[in-house]
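Residue numbers (UniProt numbering): 1 to 425. Quick notes on the structure that follows.
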Amino acid sequence: MDEARMMAAHASLSGMASLAQPVSGEMDLGGAPMPQHQDIRDILQQIMAITDQSLDEAQARKHALNCHRMKPALFSVLCEIKEKTVLSIRGIQEEDPPDAQLMRLDNMLLAEGVAGPEKGGRGASRTLAAAAAGGCANDNSIEHSDYRAKLSQIRQIYHSELEKYEQACSEFTTHVMNLLREQSRTRPVSPKEIERMVNIIHSKFSTIQMQLKQSTCEAVMILRSRFLDARRKRRNFSKQATEVLNEYFYSHLSNPYPSEEAKEDLAKRGGISVSQVSNWFGNKRIRYKKNMGKFQEEANIYAAKTAVDATNAVTQGKLGSSPSTPNSSSSGSFKVSHSGESYLNLQALNGDAYQSSQLGANIQPQMDSLHHVIHATGRYDSIAGNPLYEPQHIDANGRWPSSSTPSSITSPAADLGSVNSDASN
DNA sequence: GTGCATGATTTCCC
DNA sequence: GGGAAATCATGCAC
Numbered sequence: 001m002d003e004a005r006m007m008a009a010h011a012s013l014s015g016m017a018s019l020a021q022p023v024s025g026e027m028d029l030g031g032a033p034m035p036q037h038q039d040i041r042d043i044l045q046q047i048m049a050i051t052d053q054s055l056d057e058a059q060a061r062k063h064a065l066n067c068h069r070m071k072p073a074l075f076s077v078l079c080e081i082k083e084k085t086v087l088s089i090r091g092i093q094e095e096d097p098p099d100a101q102l103m104r105l106d107n108m109l110l111a112e113g114v115a116g117p118e119k120g121g122r123g124a125s126r127t128l129a130a131a132a133a134g135g136c137a138n139d140n141s142i143e144h145s146d147y148r149a150k151l152s153q154i155r156q157i158y159h160s161e162l163e164k165y166e167q168a169c170s171e172f173t174t175h176v177m178n179l180l181r182e183q184s185r186t187r188p189v190s191p192k193e194i195e196r197m198v199n200i201i202h203s204k205f206s207t208i209q210m211q212l213k214q215s216t217c218e219a220v221m222i223l224r225s226r227f228l229d230a231r232r233k234r235r236n237f238s239k240q241a242t243e244v245l246n247e248y249f250y251s252h253l254s255n256p257y258p259s260e261e262a263k264e265d266l267a268k269r270g271g272i273s274v275s276q277v278s279n280w281f282g283n284k285r286i287r288y289k290k291n292m293g294k295f296q297e298e299a300n301i302y303a304a305k306t307a308v309d310a311t312n313a314v315t316q317g318k319l320g321s322s323p324s325t326p327n328s329s330s331s332g333s334f335k336v337s338h339s340g341e342s343y344l345n346l347q348a349l350n351g352d353a354y355q356s357s358q359l360g361a362n363i364q365p366q367m368d369s370l371h372h373v374i375h376a377t378g379r380y381d382s383i384a385g386n387p388l389y390e391p392q393h394i395d396a397n398g399r400w401p402s403s404s405t406p407s408s409i410t411s412p413a414a415d416l417g418s419v420n421s422d423a424s425n
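Shown next, in the form of structure tokens:
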């Protein structure tokens with residue numbers, strides 16, 4: 001203890017003689033020092049003298065002082081002084097307002113499914129739902145499981161660390177409390193001081209917890225951004241997927257609006273998602289319309305392919321094959337399920353007859369394909385008068401004739417027995 | 001590195 | 001809600 005503090009303590013004690021009165025319960029009304037006062041002065045003198053003594057002497061003196069009958073009273077007074085001075089000042093400095101940042105972190109961890117009860121991750125499911133709206137189903141399913149696994153890892157680490165911190169906090173608090181209680185026998189430590197110390201410890205551990213929460217949030221953010229980036233990452237479709245989509249597009253050129261059923265079928269066959277099919281058709285329609293010349297060659301290739309399939313189907317039909325003979329197309333989906341005779345008769349049908357024939361929609365893909373072949377081979381002109389062979393499928397407004405009300409019957413299976421808007425072409 | 005192709009997203013319209 | 005159009009962002013050939 002330095003001289004200044006000793007003097008301060010001395011002054012305090014001198015002024016606090018009155019505080020010690022209740023303990024002794026005796027007072028010299030004439031102002032003469034009572035025996036108790038003399039005791040206190042003696043104790044203080046001894047305390048002051050400790051610094052001048054050797055270690056052994058000091059220990060012995062300390063022990064003697066601890067056993068002194070006035071010690072409880074003295075400690076009580078010192079505790080009171082401490083509370084009135086140092087601790088009150090600390091109290092003002094340390095009482096922080098509720099931490100908004102901590103609340104934000106807690107909310108975010110709850111929202112992401114890291115904190116709170118296990119629920120498969122609300123954030124995860126939300127992200128998964130968002131991802132399911134687009135992107136390859138197969139790839140996404142992998143990414144989903146990957147995302148969930150990583151989120152689960154983060155959750156585990158977070159809870160493990162949190163538990164460690166809480167345990168450490170509890171252990172340390174108990175340790176400090178025991179220490180202070182132990183020390184209260186040799187130095188003035190009030191219960192309030194212990195309580196305050198516990199609060200300080202909790203506050204420090206709370207800061208550490210906040211750092212943990214912050215790190216966890218950052219990890220979740222990084223994970224999410226990686227996942228979302230991966231979702232946005234474009235990958236070209238497989239050759240098969242592109243072929244399946246192009247086959248459908250060019251064989252339904254007059255009305256390239258696949259129904260939900262057709263989209264599902266295309267998605268299944270192409271190994272992509274339905275929304276990817278929708279995206280593809282959206283892009284294709286626009287890009288085809290913008291630059292038909294560029295797509296002509298591609299159109300001819302697919303048209304020829306489909307036409308060959310159609311011809312095969314026709315031939316087989318003429319030869320008396322079963323009406324349900326599968327299309328020889330590699331795609332194997334757009335099947336000609338009616339006889340070749342019906343197909344040939346179609347060219348002579350007017351709109352009404354076409355509708356009543358109940359097969360126009362099914363034949364239309366082949367008609368579209370043939371149109372392209374004919375157009376490409378210069379034979380278009382000779383049959384241009386036939387309303388079935390429109391040189392363009394897009395009207396003056398740049399729209400497909402039925403684009404405002406796309407046919408819901410574009411799937412080969414669904415085409416059966418229904419009226420296709422293509423018939424007007 | 002550049003330009004084109006292409007899948008995905010966004011915004012607007014009906 | 002679905003589609004058109006514009007735009008973004010990436011893949012890929014050169």
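For every residue, glycine included, the Cβ atom is placed at its ideal position computed from N, Cα and C.
Query raised in the report: Where K204 and G271 are concerned, what is the direct C-alpha to C-alpha distance, given to the nearest angstrom?
Result: Pairing K204 with G271, the inter-Cα distance amounts to about 55 Å.
Requested in this report: Specify the secondary structure class of H68 as computed by DSSP and reduced to three states.
Outcome: Coil at H68, not helix or strand.
Query - Of the listed residues A49, A111, C169, L162, nearest to Q211 (C-alpha basis) - result: Per the Cα distances, L162.
Query - Span separating the alpha-carbon of E247 from that of N255 - result: So the two alpha carbons sit approximately 13 Å from each other.
Query raised in the report: Is H252 helix, strand or coil by DSSP?
Result: Three-state result, H252: coil.
Requested in this report: Go ahead and pull the three-state DSSP assignment for G282.
Outcome: Three-state DSSP puts G282 in a helix.
Query - Close beta carbons around P188, own chain, < 6 Å, minus the five adjacent residues each side - result: Here the set comprises F75, L78, C79.
**Report entry** Through-space distance from D56 to R69, alpha-carbon basis
**Finding:** Approximately 22 Å, taken between the alpha carbons.
Query raised in the report: Helix, strand or coil for S203 per DSSP?
Result: Helix.
Query - Nearest-angstrom Cα separation, counted from K150 out to T173 - result: Roughly 34 Å separates the two Cα atoms.
Requested in this report: May I ask you to report which of helix, strand or coil DSSP gives D42?
Outcome: Of the three classes helix, strand and coil, the one that applies to D42 here is helix, per DSSP.
Requested in this report: Compute the Euclidean distance between the alpha carbons of A304 and S152, then round it to the nearest angstrom.
Outcome: Cα to Cα, A304 sits roughly 53 Å from S152.
Report task. Count the other C-beta atoms from every protein chain shown that fall within 10 angstroms of the C-beta of S251, then say buried if there are 16 or more, exposed otherwise. Result -> By the C-beta density criterion, S251 is buried, having at least 16 other C-beta atoms within 10 angstroms.
Query raised in the report: Helix, strand or coil for S152 per DSSP?
Result: Three-state DSSP puts S152 in a helix.
Query - For E264, the first and last residue of its enclosing alpha helix (DSSP H) - result: Residues 260–270.
Query raised in the report: What's the call for residue 428, buried or exposed, on a 16-neighbour Cβ count within 10 Å?
Result: Any answer about residue 428 is impossible in this case: the structure gives the chain only from 1 up to 425.
Query raised in the report: Do A58 and T51 have their CB atoms nearer than 9 Å?
Result: Against a cut-off of 9 Å, the Cβ pair of T51 and A58 comes out as a contact.
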